[in-house]
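Student: For reference, the structure I am asking about is given below.
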Amino acid sequence: MNVIETVNLSKKFGEFYANKNINLKVKKGEIKAIVGENGAGKSTLMNMLFGLLEPSEGKILYKGEKVNFKSPKDAIAKGIGMVHQHFKLVPSFAIYENILLGAEIVNKGLINKKKEIKIIEDLVEKHGFDLNPTDKIRDVSVGVQQRVEILKMLYRDIDILILDEPTAVLTPQEVEELLINLKKLKEEGKTIIIITHKLSEVKKISDSITVIRRGEIVGEFLTKDISEKDIAKAMVGRNVDFVINNKKSRVTKEVLRVKNISTKDERDITVVNDLSFSVRAGEILGVAGVEGNGQSELASILSGLTKVTKGHVYLNNEDVTNMWPDELRRRKLAVVPEDRYAHGLCKSMSISQNLVAGYHMNKPVTIKGIMNHKYIKENYENMVEKFDIRVGNYDCDVGTLSGGNAQKVIIAREIAANPDILLASQPTRGVDIGSIEFIHNQIINMRDRGKAVLLISSELSEIMNLSDRIIVMYKGKIIGEVKTSETSKEELGLMMTGINKKGSVMNEK
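With the first letter of the sequence shown counted as 1, position 138 gets the number 138 in this note's numbering; the numbers rise by one all the way through.
Shown next, in the form of structure tokens:
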């Protein structure tokens, strides 16, 4: 029996079809994986099923009955819940308060705290989740926060659970716990729909796979009948090489040295605490860790956006501590920022303008104070071809590009500057599998040309595939350093939770 079915479902934004004639069928009690390139229309489809968007054409059937969801409240009332990639929790509230938010148990105008805690304790026990309902959200791991989001939906008695990129920010151990929990929910009769780009997890957890490309379904498969390589081919329309040609390169001089640096956030809390490490020419140093453990602040310090409160940063033996971004750029530091639109691109500017941004005062972009428009045009044409930037119209605004192509604009600009060191922070975040392959090869090529690369990523597989050495950050400190060839995902995953190589928990003081 199909618990959810869509019939010729379409969604238009202006004249653009984000989804077109989608005929999706999801069986009761199965785990369905929805895969596709970035911008393929996966989230748009799920948002229609959850009532966040209304269809332009077609219909949605729930247990054979046509439904018209005007809001998530309508979808939840029918038994459809969704957990988004970015959680919607109140950090200062306890777990039980977040689960019951908007559905509090009130007696004579007062919230019955004792009864609420008991109800959530029973809910946690029923579904076998490992958490304490009275813990504050701000004090628990990302994995526990995700369980809270799932429990919010289970408390509202949903039958269908939609998860958008559920493992994007989890440690390997948390991923395994999530997959176990999802299998338990399936055994309870729940239907689960997962949007993900991690094909190994698709193979491990799902029963069937729907592939969406450019807003349309291009493939339906039983998971047991298809390989990861063939899933990727269906997603992008060509063969994708999963094997990175990561031969050992020749390491030479030290390019970047970080010595005992610390910094505080706006709350006066130390978020980077006494870090020391170095990166040499011809190597990639990976920085691993669960998001929120100081990696973003480290990248901000090294790119000149945040000042250190103590310690020093040296670039090619020169003290560059607390220098401005343009000063660091002149000293051959290139940056691929974590947030491409906040710090890497201007959406309303053309691709050609973004391709020279930050270097626009340098020759040959500017000669004697005058912009060289001939060079800017030639540079645009060369970069679009060399870095496979797929544009809708000639030199359109960068804001019209997909996430993957927008990221390629930054990669092209920074690599073309011929830096001594590339700081790449979350370089493939929100990027489709085809663009990931391309970006990874560009990073490896940089290393092989004798450049230094500092790679900060929450994707553990990315860190392990690209890095020569890895440091792991936990609560603003380096908890361990390993050679990639001498470690495993499991060991790194433990370090990401605060357990060092010797098996002891790091002192957080």
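Built from N, CA and C at the ideal position, the CB exists for glycine as well.
(1) Judging by CA-CA distance, which residue of I456, L466, I209 is the nearest neighbour of R447?
(2) Between the region 247-262 and the region 311-325, do at least 3 Cβ pairs fall closer than 8 Å?
(3) Would you decide whether G64 is buried or exposed? Buried here means 16 or more other CB atoms lie within 10 Å of its CB.
(4) I'd like to know if the region 408-423 and the region 331-340 are in contact, where contact means that at least 3 CB-CB pairs between them fall below 8 Å.
(5) Just mark K509 as buried or exposed, buried being the case when its beta carbon has 16 or more other beta carbons within 10 Å.
(6) Does the Cβ of V393 have 16 or more other Cβ atoms within 10 Å, making it buried, or fewer, making it exposed?
(7) I95 lies in the alpha helix (DSSP H); which residues open and close that run?
(8) How big is the Cα-Cα spacing for L229 and N379?
(9) Do you know offhand how far D74's Cα is from G51's?
(10) What three-state label does DSSP hand T270 in the structure shown?
(11) Does the region 31-39 touch the region 199-216, meaning 3 or more C-beta pairs lie closer than 8 Å?
(12) Tell me which residue opens and which closes the alpha helix (DSSP H) that L182 is part of.
(13) Can you give me the start and stop residues for the alpha helix (DSSP H) that D326 sits inside?
(14) State whether the region 367-377 contacts the region 283-301, with contact taken as three or more CB pairs (one from each stretch) at a distance under 8 Å.
(15) Where does K509 sit, in a helix, a strand or coil, going by DSSP?
(16) How far does the beta strand (DSSP E) with A288 in it reach, from first residue to last?
(17) Quick one, which of E176, K25, S10 has its alpha-carbon nearest T44's?
(18) Can you tell which of R156, A357, S350 has its C-alpha closest to the C-alpha of D326?
(19) According to DSSP, I162 sits in a beta bridge with which residue or residues?
(20) Measuring alpha carbon to alpha carbon, tell me which of H86, L161, V255, S249 ends up nearest E318.
(21) With a floor of 3 residues, list each beta strand (DSSP E) that falls wholly inside the region 440-493, ordered by position along the chain.
(22) Quick one: using the 10 Å Cβ neighbour count with 16 as the cut-off for buried, is N354 buried or exposed?
(23) Leaving out five residues before and five after K115 in sequence, what residues of the same chain have Cβ atoms less than 7 Å from its Cβ?
(24) Express the C-alpha separation of S435 and I410 in angstroms, rounding to a whole number.
(25) Would DSSP call A299 helix, strand or coil?
(26) Return helix, strand or coil for E30, following the three-state DSSP convention.
(27) Which whole-angstrom value is the C-beta distance of R214 and T252, which I expect to be below 8 Å?
(28) State the start and end residues of the unbroken beta strand (DSSP E) segment that holds R147.
(29) So what does DSSP say about K88, is it helix, strand or coil?
(30) What is the DSSP secondary structure of M1, reduced to helix, strand or coil?
(31) G219 and A234: beta carbons closer than 8 Å?
(32) Looking at the strands, I want to know which residues DSSP matches up with I415.
(33) Alpha carbons only, please: which of A40, G58, L454 is nearest the one belonging to R257?
(34) For T134, count neighbouring Cβ atoms within 10 angstroms of its own Cβ and tell me buried if that reaches 16, exposed if not.
(35) Where does N107 fall in DSSP's three states?
Tutor: From the atom records:
(1) L466
(2) yes
(3) exposed
(4) By the criterion of at least three beta-carbon pairs nearer than 8 Å, the region 408-423 is in contact with the region 331-340.
(5) Annotation note: pLDDT 49 at K509 (below 50); position unreliable, coordinate value reported separately. By the 10 Å Cβ count, K509 comes out exposed.
(6) Per the sequence shown, the amino acid found at residue 393 is Asn instead of Val. Burial state of N393 is exposed, judged by a 10 Å Cβ sphere holding fewer than 16 other Cβ atoms.
(7) 95-100
(8) Here residue 229 is Lys; the residue named in the question, Leu, does not match the sequence. Straight-line Cα distance between these residues: approximately 35 Å.
(9) 7 Å
(10) strand
(11) Taking 8 Å as the limit for Cβ pairs, the verdict is that the region 31-39 does touch the region 199-216.
(12) 172-187
(13) 325-330
(14) no
(15) Residue placement at K509 is flagged as unreliable, the pLDDT there being 49, under the threshold of 50; the coordinate-derived value follows with that caveat. In the structure shown, K509 sits in coil (DSSP, three-state: anything other than H, G, I, E or B).
(16) 284-288
(17) S10
(18) A357
(19) Residue pairing by DSSP places I162 opposite M82, I193 in a beta bridge.
(20) V255
(21) Secondary structure within the region 440-493: the beta strand (DSSP E) runs of 3 or more consecutive residues, fully enclosed, are 452-456, 469-474, 477-483 (chain order).
(22) buried
(23) I105
(24) 13 Å
(25) helix
(26) coil
(27) With a Cβ gap of about 45 Å, R214 and T252 do not count as contacting.
(28) That residue, R147, is in no beta strand (DSSP E); its alpha helix (DSSP H) goes 142-155.
(29) coil
(30) coil
(31) yes
(32) The partner list for I415 (beta bridge, DSSP) is empty, contrary to what the question assumes.
(33) L454
(34) exposed
(35) strand
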